[in-house]
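In the numbering used here, the protein residues as written are 662 to 1128.
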């Protein structure tokens, strides 16, 4: 009844789009379908019951979704609800209405080596579908997406590409490095490797103590796995695409900068809405070239190949494995970052973040700075502002090698077709599950130094859940 009385008294608030002031940009391009017409009274009555609508004039505001891939059971995602709330507050301060909602996620780190891992890749497409569904079904004018774990980043970005409404991504951020006695810098792979070392050391009491110590201290708090694994790779690539604020991919989850980034979202989102800057204006062919180059420079996850191809498809761009090979052939591998190196993303943050690396690459004509970004400025303009404030990449640091002393003169990713002419002769061991393989290692049936190829069957996407 209260909603009905308020609705009856507020008919003047529901002006048509033609009644909006000519000198004011239209920001509620989608939500006005349910907020600005008398025949949608039921929609308006329900919105009155939400926290977003407090006075009649709120119906004139743009409605922005805040989609966080939040859940408590994973360090990559456990803090995202809080970041989403900070973002919602920033939107409100910018005179926008923020509606937060969640979506599913799968932790690769937790599910790896178990049947649960078969749910990981499909979670990417579920995330994309759910974000698109919520935004489309509720006529949201824009989207802020807050991912944390591996498949989250491509999932939410695919949704932004499909929707093509003003939007940006705020990465949940990387985890801090862990440490324990004898190991000053641990990450999730340290925990994976600890079991192999335990077996190698003969399963002694001392070996078990070291294994437990590593597992107990590898993940000291919230944030995505610390090396250049899928999460940090995709966050960096999406920053190169222009779909995040500068520095988002390298700000640690618990850093002051991550919270400051959340507080900046409101004004940025308002500008995107006012100017109607759309993801497909940002996620261009050039932007994807920049993302591929950065992936090669960083020695990023090979998962970037399938994810960037899917993201490009969402905006109507055809990207292929051959494109990655072309970029790899002309791009050196420079980053001494785990899993192949010794540093973690926290070290990239300490040297000035991904923007310093991108500026270094732009200065050496490896990335194109002319592409539009969510700031409303080009990538190059963003990078120049960053180095003006923080300085250029320090030539004496050793996290990112100089161009004349690369780790590898070409990229680390290669398209294998079976026609490369390489030959290997040895024993083949086929296993029907990862558990069977682990048991073989435990029992010593696979010996060090043997010329053996291990084949793990039935682990591809085909045959997984939903296939």
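Don't be surprised by glycine CBs; every beta carbon is placed ideally from N, CA and C.
Next item on the list: May I have a chain-ordered list of the alpha helix (DSSP H) segments no shorter than 4 residues that lie completely inside the stretch 979-1033?
Entry: 982-991, 1006-1011 and 1015-1024
Check: Would you report the Cα separation of residue 763 and residue 866, rounded to the nearest angstrom?
Finding: 44 Å
Note to self: Considering just the uninterrupted stretch of the alpha helix (DSSP H) at residue 948, what are its terminal residues?
What the structure shows: 946-959
Notebook entry, point to check: Any contact of the stretch 1009-1029 with the stretch 942-960, i.e. 3+ C-beta pairs under 8 Å?
Noted result: yes
Next item on the list: Could you tell me the boundaries of the alpha helix (DSSP H) in which residue 1213 lies?
Entry: It is not possible to answer for residue 1213, since the shown part of the chain is limited to 662 through 1128.
Checklist line | Cα-Cα separation between residue 945 and residue 978, rounded to whole angstroms | finding: 8 Å
Item checked: Identity of the residue in 958, 1067, 841 and 1046 nearest residue 989 by Cα -> 958
Note to self: Using only the alpha-carbon positions, how far apart do residue 1048 and residue 1020 sit?
What the structure shows: 8 Å
Notebook entry, point to check: Between residue 682 and the rest of its own chain, which residues show a CB-CB distance below 7 Å, the 5 nearest in sequence each way excluded?
Noted result: Because residue 682 sits at a pLDDT of 49, beneath the cut-off of 50, its placement in the model cannot be relied upon, and the point is left open.
Margin query: Determine whether the beta carbon atoms of residue 912 and residue 1010 lie at a separation below 8 Å.
Written below: yes
Item checked: Per-residue burial, residue 807 [other beta carbons within 10 Å of its own, 16 or more giving buried] -> buried
Checklist line | Collapsed DSSP secondary structure at residue 898 in the structure displayed | finding: helix
Checklist line | residue 830 versus residue 841: straight-line alpha-carbon distance, rounded | finding: 34 Å
Item checked: Cβ pair residue 849, residue 770 closer than 8 Å -> yes
Checklist line | Which of helix, strand or coil DSSP assigns to residue 762 | finding: strand
Checklist line | Sequence-distant residues of the same chain with beta carbon closer than 8 Å to residue 905, five excluded per side | finding: 829, 830, 831, 832, 896, 899 and 1035
Note to self: Looking at the strands, I want to know which residues DSSP matches up with residue 1123.
What the structure shows: In DSSP, residue 1123 forms no bridge with anything.
Margin query: Measuring only from the beta carbon, is residue 1048 closer than 7 Å to any heavy atom that is part of the ligand HEM?
Written below: As far as ligands go, the structure on display features none, and thus does not contain the ligand HEM.
Next item on the list: Quickly, what does DSSP pair residue 1113 with across the bridge? List them, please.
Entry: 1088
Check: Which partner residues does residue 844 have in the DSSP bridge list?
Finding: 841
Notebook entry, point to check: Apart from the five residues on each side of it in sequence, which residues of its chain come closer than 6 Å, Cβ to Cβ, to residue 1112?
Noted result: 1087
Notebook entry, point to check: Between which two residues does the alpha helix (DSSP H) containing residue 695 stretch?
Noted result: 693-696
Next item on the list: Counting only the same chain and skipping the five closest in sequence on each side, list residues whose C-beta sits under 7 Å from that of residue 956.
Entry: 894, 898 and 965
Next item on the list: May I ask you to list the residues that DSSP assigns as paired with residue 913?
Entry: 835
Next item on the list: Could you round the C-beta distance between residue 980 and residue 803 to whole angstroms and report it? I think they count as a contact, below 8 Å.
Entry: Incorrect: roughly 26 Å between the Cβ atoms, too far for contact.
Check: Is the stretch 920-932 touching the stretch 808-826 in the sense that three or more CB pairs, one from each, lie closer than 8 Å?
Finding: no
Check: Looking only at its own chain, which residues have a Cβ that is under 6 Å from the Cβ of residue 947, when we skip the five neighbours before and after it?
Finding: 1029 and 1032
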